[in-house]
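Chains as they are written, first to last, in our numbering: chain Y, 1358 to 1660; chain L, -19 to 239; chain E, 91 to 399.
Written out as structure tokens, the structure is:
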């Protein structure tokens, strides 16, 4: 029982990180109908932003403090939001009216560009970096059930961010405009919605969440490197498809399911080696059985 | 199967209904088209005309009701199966193959009734080459009939609008259909072109001895050439009859005047 | 037109045989590069059938290549000391074809369920397939798992690489330039219109996928018997991207351009060896700039078989 609970918490913590990244994929897909391949790299940049920000923040706040950790998180999110907006402006905006595949290939190019630039020895270098402890590294022991404070922070932060996101999307003007563009772009444009600023905002918002995911991931797994976003990003995309691409609660749900499945599979001998294949097996299954995803609606193509 | 039980009607829709979510796009529609008949399907915008086309051609499956073509039910058949059975169509917003030439647009359709497998295109024996020549000959003949022969090597998308419409009809005819569905062929045409189109549709019916179902916005064109007209409004058949009967039907007048 | 294609095939195989006969005179390094070119031409031209002519988007070509490579290599390793030496070429070709067929089968298994999906989903599914193949290979002890498969016989020479490249070019152009082959382009242009004239889009897409996978498998087998060592990490996502780049650079659906691109992209890294650390940065920047400025490809000039777009 204890082991089950332990795995459950590990799985939820991993799933929460997938959920944060998956939200960015799904929001961008909602407004632009394309897969932003570079999104996983923004997640990586979030982690590195934390790595370089932490010593700076520690100059005027005590090291390993919750306030300092929160400040690092917020700053990294802001940096990632800015990066997301810049990437969209430079690489995707010139291609707005081009075929989707052109944009998809460009996104792959952007992803590779970020990865290789960051691996260069004068940037981050290819070797893994040890992520600093942002908060006191303590654990809580309940009758043999060991919970890291980091894991609690992951779950709480994710919950707060999800509530904030829901508020932004449902209650603010920009959120309403986002939903309008996602529902019907030409109509939204005719109603006076500024499509460009909505798209920029969407990229900023999604990238900020990915940045938060990067920090939370780094806090839990300690080691970061320029290619950490590749696998995690792809899996988060699978989570978005699992929940129903374009659907925000779906992305969160998909992330949690994927995190739990991977964690529990990792505990089964024989299956654990294939852990990294699970996400893709799920992807193929969901596309076969319910291509619209768990919470998505299927659409009929107009002839 | 072909011999006994052949009823007079080539296409038969019985009680056909289709719903998209909460919206009933077509409701309990009965429709027959006999061999060699030219039938018009009219109705205001959003009446469900194109949906009927998509039901007949297998793009959509009906929620309820039965469709049969040449005495065989068409349930579960996809568009490409029905094309093989003899249903050809054009599209409201022209859908030509933009990276193929005029000639190849028609040739792609003309290959329908000859069994071609990958292996043939590799080995290319005598029979294959003769088959290819025969198809090329048929395609040229069709293009000449419709005065498109001179454009054979042009890109399909570079043709003038009216010629693109005609090319789409030629492409449909190249599949040797029994039933041709024309989806708003007069859309975007000027009065002179419409007169020409009316002549063309009659010519096709006589020359190729096929049935035609014409969906059209332009009442005048439909009244002029169709023997029988079916009127849809909000997915429901509100009238059916010859042009005179339909013209005088108060329900039709009301639907068109937006009463 | 086809008699021309047959003549090309025979001429190309003859040239490959003649050049191969003198290959002992060549510098080993250059010989290796020339064989690499042949293998990359096979990969690019076969992917072009899927991504270019039929308008799908596969990111899993390295996965099919891996299937062919491992299958052919394993067959060679198991049987090479059980047969007389003069039969070695027969075994080699049989191993290549088996690898190709196994790759084609996996192409069928992946293609049938997934080719109904929209373009960008297909890209992700094929990518996922490639990753699954890699994870499986990394855990298969019988093919060396993560430490790789060693001691593969050195059977690939210039003749085989180029002869199979010629066959690939011949098969792909012959299929596409036939009445049957118009169906591929029809599906590429407009699936709904294609099905309205009796073309079954799924069947065409699966056909393209299976043929593409077959030749990727052959290329994998040639690669295995050229490098003599296989590692699962050699068939990752990046390898697929390399092949995709050849197709894009050459102009999707243009065989001649794709061949030129395959040759150039094989040579380019060799020339850039001195700048290895900047090579991939430049390469990715090239993808972005190319997509923004010239998405139709660098070598996409007038093509006698296809109308101007």
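Positions of the beta carbon are idealized from the N, C-alpha and C atoms, including for glycine.
Chain C within 7 Å of residue i, Cβ atoms only
i, result
"residue 270 (chain E)", "Absent here is chain C; the protein component of the structure consists of chains Y, L and E."
7 Å CB neighbourhood of residue i in its chain, flanking five on each side removed
i, result
"residue -2 (chain L)", "5, 6, 31, 35, 40, 42, 43"
"residue 95 (chain E)", "260, 263, 264"
"residue 205 (chain L)", "18, 178, 181, 182"
"residue 1543 (chain Y)", "none"
"residue 229 (chain E)", "235"
Buried versus exposed call for residue i [16 or more other C-beta atoms within 10 Å across all chains shown]
i, result
"residue 120 (chain E)", "exposed"
"residue 1645 (chain Y)", "exposed"
"residue -7 (chain L)", "buried"
"residue 1433 (chain Y)", "buried"
"residue 56 (chain L)", "exposed"
"residue 361 (chain E)", "exposed"
"residue 1404 (chain Y)", "buried"
"residue 290 (chain E)", "buried"
"residue 143 (chain E)", "buried"
"residue 91 (chain L)", "buried"
Close-in-space but distant-in-sequence residues of the same chain around residue i (CB under 6 Å, 5 per side omitted)
i, result
"residue 1485 (chain Y)", "1580, 1582"
"residue 1560 (chain Y)", "1441, 1442, 1445"
"residue 1622 (chain Y)", "1628, 1632, 1635"
"residue 58 (chain L)", "38"
"residue 1612 (chain Y)", "1372, 1375, 1376, 1379, 1596"
"residue 1438 (chain Y)", "1561, 1564, 1565"
"residue 369 (chain E)", "362"
Residue i - DSSP class collapsed to helix/strand/coil
i, result
"residue 112 (chain L)", "helix"
"residue 1629 (chain Y)", "helix"
"residue 49 (chain L)", "strand"
"residue 1499 (chain Y)", "strand"
"residue 1572 (chain Y)", "helix"
"residue 69 (chain L)", "strand"
"residue 208 (chain L)", "strand"
"residue 310 (chain E)", "helix"
"residue 344 (chain E)", "coil"
"residue 217 (chain L)", "strand"
"residue 1477 (chain Y)", "coil"
"residue -1 (chain L)", "strand"
"residue 5 (chain L)", "strand"
"residue 393 (chain E)", "Note on residue 393 (chain E): pLDDT 44, under 50, position unreliable in the model; the coordinate value appears next. In the structure shown, residue 393 (chain E) sits in coil (DSSP, three-state: anything other than H, G, I, E or B)."
"residue 1529 (chain Y)", "coil"
"residue 144 (chain E)", "coil"
"residue 105 (chain L)", "coil"
"residue 268 (chain E)", "coil"
"residue 1550 (chain Y)", "coil"
"residue -18 (chain L)", "Reliability fails at residue -18 (chain L), whose pLDDT of 39 lies under 50, so the model's placement of it is uncertain and the value that follows must be treated cautiously. Coil, per DSSP."
Sequence-distant residues of the same chain with beta carbon closer than 8 Å to residue i, five excluded per side
i, result
"residue 399 (chain E)", "For residue 399 (chain E), the predicted structure reports a pLDDT of 34, less than 50, and the residue's modelled location is therefore unreliable. A value from the coordinates is still provided. Closer than 8 Å at Cβ, skipping near neighbours: 386."
"residue 212 (chain E)", "146, 147, 148, 204, 205"
"residue 1412 (chain Y)", "1489"
"residue 388 (chain E)", "339, 340, 341, 347, 351, 380"
Pairwise C-alpha distance: residue j and residue i
i, j, result
"residue 134 (chain E)", "residue 377 (chain E)", "16 Å"
"residue 29 (chain L)", "residue 146 (chain L)", "21 Å"
"residue 1600 (chain Y)", "residue 1457 (chain Y)", "22 Å"
"residue 0 (chain L)", "residue 228 (chain L)", "33 Å"
"residue 174 (chain L)", "residue -10 (chain L)", "28 Å"
"residue 137 (chain L)", "residue 76 (chain L)", "7 Å"
"residue 123 (chain E)", "residue 106 (chain E)", "15 Å"
"residue 1487 (chain Y)", "residue 219 (chain E)", "32 Å"
"residue 61 (chain L)", "residue 152 (chain L)", "14 Å"
"residue 1502 (chain Y)", "residue 1624 (chain Y)", "16 Å"
"residue 1363 (chain Y)", "residue 157 (chain E)", "38 Å"
"residue 1528 (chain Y)", "residue 1517 (chain Y)", "16 Å"
"residue 355 (chain E)", "residue 216 (chain E)", "23 Å"
"residue 236 (chain L)", "residue 176 (chain L)", "26 Å"
"residue 165 (chain L)", "residue 131 (chain L)", "20 Å"
"residue 214 (chain L)", "residue 26 (chain L)", "7 Å"
Practice item. Decide if the region 230 to 248 of chain E is in contact with the region 305 to 320 of chain E; the criterion is three or more beta carbon pairs, one per stretch, under 8 Å apart. Key: yes
Exercise for review: Say whether the region 194 to 204 of chain E touches the region 173 to 183 of chain E, bearing in mind that this needs 3 or more beta-carbon pairs closer than 8 Å, one atom from each stretch.
Suggested key: no
Practice item. Spell out a yes or no on whether the region 109 to 116 of chain L and the region 274 to 293 of chain E are touching, meaning 3 or more CB-CB pairs, one atom from each, closer than 8 Å. Key: no
Exercise for review: Kindly confirm or deny that the region 97 to 115 of chain E and the region 248 to 258 of chain E touch, where touching means at least three C-beta pairs closer than 8 Å.
Suggested key: yes
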